[in-house]
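Residue numbers (the working numbering), protein chains in the order written: chain A, 1 to 105; chain B, 1001 to 1314.
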């Protein structure tokens, strides 16, 4: 089972920059219905692309600084980082195929 | 041979889940398909205050989870992340098509609900998720001490406007008429709330902003006066669109696309029933959807009984 990394305001920078591979970050919160829809999708992507990308998630309630830095105005938001830089941002709930297509991975 | 279900329920909102509870208790071999994870549109509601049994109100997400738990307790099989793409009518059974495979069933209940309608104005699509939202519950918290616009005058618009006052510094309600359609108690709360301001007889005609929402362009339809309001968010509640496109012309629909049924909730096709928001009806509410889900399930059960008896006679 590919692991989904838990990010926080404190470890975000360090973790994001520590990987050679692109990191896909799921910005979510427990009270958000559409975020719940996306949890199994993220697991599927983590599994499917485990050799290619790292999958991570960050709870925006507990970690508002990161969400605000990347101007997240809606959740779920998915940001694909490459070497710490934002490569692609996708907003909203969708199925796995659509998310893969939108992210271009 | 491919498995044939007694009943397939399409859609896992309150109508579909209730149908699932009844069908599982009736020991019908039942499958519920949902395009996401069960719950439907109510998961977007911060608080549901008119569903009986919850005197303090309940969050849409919690209510959905409880309904799902109840259905599963009776053995309902649920398949998530399955988006249906078509319904085909064979001689003896119905075929549900989806990207994740096809499913066969003797009876079908369609409870696919609705999706929020768009305004179809400039900036709306481009800035969705960048300040434009259809879900205050999901996105409200990002607008702390910011000014936002809510478009609409119905129950959803007004209750979400009130929810947004928890975060926003000011909530401008832009409504095309000079009175609200929302329930009186919501109107009273909104009029009493100093953070809520109304812009009557007006349309939001454009949303401006580079990478995020910056301004809303509002036109008064009586005076034709156009104003620009500096804002950070736009929340759109201008009605709903039924999720019936996938049905093509297999079932009779009304002019807006809602499914027509008889009083037993049977559609123009025998053995295919409709329940909840997707059905042509006067009121879209959780309480109604739940009642219709129960009725559709019982009617599907009776249809299966009749079918079985007929088969024996042959």
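We put the beta carbon where it would ideally sit given N, CA and C, even for glycine.
C-beta atoms of residue i and residue j nearer than 7 Å
i: residue 22/A; j: residue 99/A; result: no
i: residue 1151/B; j: residue 1174/B; result: yes
i: residue 1048/B; j: residue 1028/B; result: no
i: residue 1215/B; j: residue 1203/B; result: no
i: residue 1240/B; j: residue 1038/B; result: no
i: residue 1024/B; j: residue 1089/B; result: no
i: residue 1160/B; j: residue 1190/B; result: no
i: residue 1206/B; j: residue 1217/B; result: yes
i: residue 30/A; j: residue 76/A; result: no
i: residue 1181/B; j: residue 1140/B; result: no
i: residue 92/A; j: residue 1129/B; result: yes
i: residue 1296/B; j: residue 1265/B; result: yes
i: residue 1142/B; j: residue 73/A; result: yes
i: residue 1033/B; j: residue 1079/B; result: yes
i: residue 1016/B; j: residue 1111/B; result: yes
i: residue 67/A; j: residue 27/A; result: yes
i: residue 1006/B; j: residue 1070/B; result: no
i: residue 1268/B; j: residue 1251/B; result: yes
i: residue 1036/B; j: residue 37/A; result: yes
i: residue 56/A; j: residue 5/A; result: yes
i: residue 1020/B; j: residue 1043/B; result: no
Where residue i sits in the DSSP three-state scheme
i: residue 1256/B; result: coil
i: residue 996/B; result: The question about residue 996/B has no answer, for chain B in this structure spans 1001 to 1314.
i: residue 1274/B; result: strand
i: residue 1053/B; result: coil
i: residue 1279/B; result: strand
i: residue 1139/B; result: helix
i: residue 1041/B; result: helix
i: residue 75/A; result: coil
i: residue 1191/B; result: helix
i: residue 1113/B; result: coil
i: residue 1246/B; result: helix
i: residue 1106/B; result: strand
i: residue 1163/B; result: helix
i: residue 96/A; result: helix
i: residue 1006/B; result: strand
i: residue 1146/B; result: coil
i: residue 1230/B; result: strand
i: residue 1202/B; result: strand
i: residue 56/A; result: strand
i: residue 1024/B; result: helix
i: residue 17/A; result: helix
i: residue 12/A; result: helix
i: residue 1120/B; result: coil
i: residue 1018/B; result: helix
i: residue 1089/B; result: strand
i: residue 1083/B; result: coil
CB contact below 7 Å: residue i versus chain A
i: residue 1163/B; result: no
i: residue 1085/B; result: no
i: residue 1037/B; result: yes
i: residue 1043/B; result: yes
i: residue 1061/B; result: yes
i: residue 1017/B; result: no
i: residue 1172/B; result: no
i: residue 1081/B; result: yes
Rounded Cβ spacing between residue i and residue j (contact assumed at less than 8 Å)
i: residue 1148/B; j: residue 1233/B; result: 4 Å
i: residue 96/A; j: residue 45/A; result: 6 Å
i: residue 1109/B; j: residue 1102/B; result: 18 Å between Cβ atoms; not a contact.
i: residue 1104/B; j: residue 1003/B; result: 7 Å
i: residue 1022/B; j: residue 1294/B; result: 5 Å
i: residue 1257/B; j: residue 1094/B; result: Not really, about 20 Å apart at Cβ, beyond 8 Å.
i: residue 1041/B; j: residue 1013/B; result: 6 Å
i: residue 1163/B; j: residue 1305/B; result: With 8 Å as the limit, residue 1163/B and residue 1305/B do not qualify as a contact, their Cβ atoms being about 46 Å apart.
i: residue 1236/B; j: residue 1118/B; result: 7 Å
Residue-chain proximity (residue i, chain B), Cβ-Cβ < 7 Å
i: residue 37/A; result: yes
i: residue 33/A; result: yes
i: residue 95/A; result: yes
i: residue 104/A; result: no
i: residue 23/A; result: no
i: residue 15/A; result: no
i: residue 91/A; result: yes
Checklist entry - Which residues, in order along the region 1117-1141 of chain B, keep a beta-carbon less than 8 Å from a beta-carbon of chain A? => result 1128, 1129, 1130, 1131, 1133, 1135, 1137, 1138, 1139 and 1141
Item to check | Against chain B: residues of the region 45-59 of chain A by CB proximity under 8 Å | outcome: none
Item to check | Interfacial residues, the region 69-86 of chain A to chain B, with Cβ spacing under 9 Å | outcome: Under the 9 Å Cβ criterion, the region 69-86 of chain A contributes 71, 72, 73, 74, 75, 76 and 77.
Next on the checklist: Short of 7 Å Cβ to Cβ, which residues in the region 1198-1214 of chain B face chain A?
Outcome noted: 1212
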